[in-house]
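One structure is given below, encoded as structure tokens.
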DNA sequence: CGTCGCTTTGATTAATGTCAATAGAGGTGG
DNA sequence: CCACCTCTATTGACATTAATCAAAGCGACG
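Protein chains in written order, with this note's numbering: chain U, 3 to 256; chain D, 3 to 256.
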């Protein structure tokens, strides 16, 4: 093995991009957890099969990098299970998490040649991978695909604009209140709709909210002491008083 | 005139939405300053004429509102001249400017029923207005239109993500350096490409960067004293040392 | 039972906001 | 043409929020 190959491995270990575990089950869509959400829900079974023929199913373990900021864009991704964080880093180590994605999210659109952020798995992530050069053809073949992606991108932009208000103008406790309400799933059936399970730790939350993990922790403690939330372990949080929490998040209540 | 009409007028005066000056010149596209940028550049002359038949040309004076956050989305806009700021307000008056637009920008896309931000003219703004309900038809008639808007929206998202890093993690002086470099126009022909003219004042800049106008002023003074920029009046700024300014904006230099 | 990683809490510092006053530019009218 | 007025920008003094540095608590796991 030549030396430059060893160097490549060293880099890979320091910043584990490693190979994803790839699966090639061609009948995957029928059993996919994301069949009726996001992109795939916009297509008929027949169209979906044709789309699936252009895809490659993959799985990525917790902590691994799906794509790194600055990498050449070769693929698009459609998440089918699990959670990932998207972030941008500065040279001195400051990090801004620009979003979290879960089943149904699409990644990699854009006119740029290189990815604008890094995507890292927060737990076991499953996804479909498409080649970038095939996308234009897919658009002409499946107009619903393009329309769905336009709508999805517009929605992402709306979320990004709300996050700009949060990062630019809200206080620490307002940021936490807003953040927590964003994880409430109104479609939660049997379970308590006001009980949420965060897929990330305090540091990732801090990097998303433009704070430190200490400030996140202190703000959560404050919300708990005011009986707006309850903490059941680190990742499991119950919204005790959604109305009051909303007021805090909107800056109406102190 | 009943009392509730007077009330409406009072609100209108406090927050001037007033009627835009409308023009109906049907041959406007041929002389439009934005004919070869943005949306219109993506269409042929024949298609553009058809698109133009669905549009209404308007002009809006400085300080007037093109659309207000929360208003029902009835129209889409394509800016052909001038500048506007886009912002979101909190109930207690805190404001976050989420972007500035100029000729070629398209406004009003999204799946929401209501505009997510307010758009206010910074100088005399000219624009075309389309009815929202006609857009879907325009997409099927002009696929290039949809493709252009998807690309434009993706680019907006990339800009928004960079802004999240700025708002969440950069210091005041880093924000100013990054902001100023964003106004450098590499296509500036005859004039000095490193001389920029900002269409907004210090307070709007502050609301965009998540700072106060005092901090913006202090940071500009600091950049000037370090000979990275020169101030020629309030709105006209010369980038004296683009390389060093980039280093400050990226957090590499103090 | 001890270690490792993450969270929480405490003490102190630094950056930016707030409040206040001055300076400067542009416009208006005498 | 100049004095005045108004609006914005700049500068200064002080207050406040969240970051930093440090240590203790807590749970998972070997």
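The beta-carbon is built from N, C-alpha and C at its ideal position, and this holds for glycine as well.
Could you tell me which of the options sits nearest to residue i, measuring between CA atoms?
i                      : options                       : result
residue 234 of chain U : U/134, U/198, U/248 and U/114 : U/198
residue 57 of chain D  : D/134, D/33, D/117 and D/114  : D/134
residue 46 of chain U  : U/243, U/255, U/145 and U/219 : U/145
residue 79 of chain U  : U/251, U/210 and U/53         : U/53
residue 222 of chain U : U/63, U/174 and U/129         : U/174
residue 208 of chain U : U/125, U/82, U/30 and U/96    : U/96
residue 60 of chain D  : D/196, D/214, D/83 and D/116  : D/83
residue 137 of chain D : D/177, D/76 and D/157         : D/76
residue 281 of chain U : U/89, U/102, U/85 and U/245   : Nothing in the structure corresponds to residue 281 of chain U, since chain U is present only between 3 and 256.
residue 63 of chain D  : D/33, D/49, D/35 and D/125    : D/125
residue 236 of chain D : D/225, D/256, D/247 and D/202 : D/202
residue 228 of chain D : D/216, D/218, D/217 and D/250 : D/250
residue 102 of chain U : U/31, U/93, U/92 and U/120    : U/120
residue 253 of chain D : D/214, D/210 and D/178        : D/178
residue 51 of chain D  : D/130, D/242, D/238 and D/226 : D/130
residue 86 of chain U  : U/156, U/93, U/70 and U/248   : U/70
Looking at chain D, is there any beta carbon in it that lies within less than 8 Å of the beta carbon of residue i?
i                      : result
residue 187 of chain U : no
residue 238 of chain U : no
residue 15 of chain U  : Residue placement at residue 15 of chain U cannot be trusted, given a pLDDT of 36 that sits under 50; what the coordinates show is reported in the next sentence. By this cut-off, residue 15 of chain U is not an interface position.
residue 246 of chain U : no
residue 251 of chain U : no
Would you mind telling me which residues of chain D sit closer than 9 Å to residue i, beta carbon to beta carbon, in chain order?
i                      : result
residue 90 of chain U  : 163, 164, 166, 167 and 171
residue 157 of chain U : 112, 113 and 114
residue 254 of chain U : 92, 93 and 94
Should residue i be labelled buried (16 or more other beta-carbon atoms within 10 Å of its own) or exposed?
i                      : result
residue 148 of chain D : buried
residue 38 of chain D  : exposed
residue 74 of chain U  : exposed
residue 190 of chain U : exposed
residue 163 of chain D : buried
residue 2 of chain U   : In this structure chain U extends from 3 to 256, so residue 2 of chain U is not present and cannot be described.
residue 107 of chain D : buried
residue 65 of chain D  : exposed
residue 335 of chain D : Nothing about residue 335 of chain D can be read from this structure; chain D reaches only from 3 to 256.
residue 165 of chain U : buried
residue 194 of chain U : exposed
residue 116 of chain D : exposed
residue 99 of chain D  : buried
residue 154 of chain U : buried
residue 112 of chain D : buried
residue 128 of chain U : buried
residue 176 of chain D : buried
residue 238 of chain D : exposed
residue 180 of chain D : buried
residue 32 of chain U  : exposed
residue 123 of chain D : buried
Applying a beta-carbon distance threshold of less than 7 Å, which residues of chain D neighbour residue i?
i                      : result
residue 100 of chain U : 163 and 166
Which bits of chain U does residue i rub up against, with CB to CB less than 9 Å?
i                      : result
residue 243 of chain D : The premise fails here: residue 243 of chain D is roughly 19 Å from chain U at the closest Cβ pair, so nothing lies under 9 Å.
Please list, in chain order, the chain U residues whose beta carbon lies closer than 8 Å to that of residue i.
i                      : result
residue 160 of chain D : 112, 114 and 118
For a cutoff of 8 Å on Cβ pairs, would you count residue i as touching chain U?
i                      : result
residue 183 of chain D : no
Within the present structure, is the beta-carbon of residue i separated from the nearest heavy atom of the ligand GDP by less than 7 Å?
i                      : result
residue 215 of chain D : By its list of ligands, the structure shown contains no ligand whatsoever, and the ligand GDP lies outside what it can speak to.
What are the residues of the segment 106-131 of chain U that lie near chain D, defined by any Cβ-Cβ distance shorter than 9 Å?
111, 112, 113, 114, 118 and 119
Could you please tell me which residues of the segment 205-236 of chain U, in chain order, have their CB closer than 7 Å to any CB of chain D?
212
Check each residue of the segment 139-155 of chain D: if its Cβ is closer than 7 Å to any Cβ of chain U, include it; give the result in chain order.
148, 151, 152, 153 and 155
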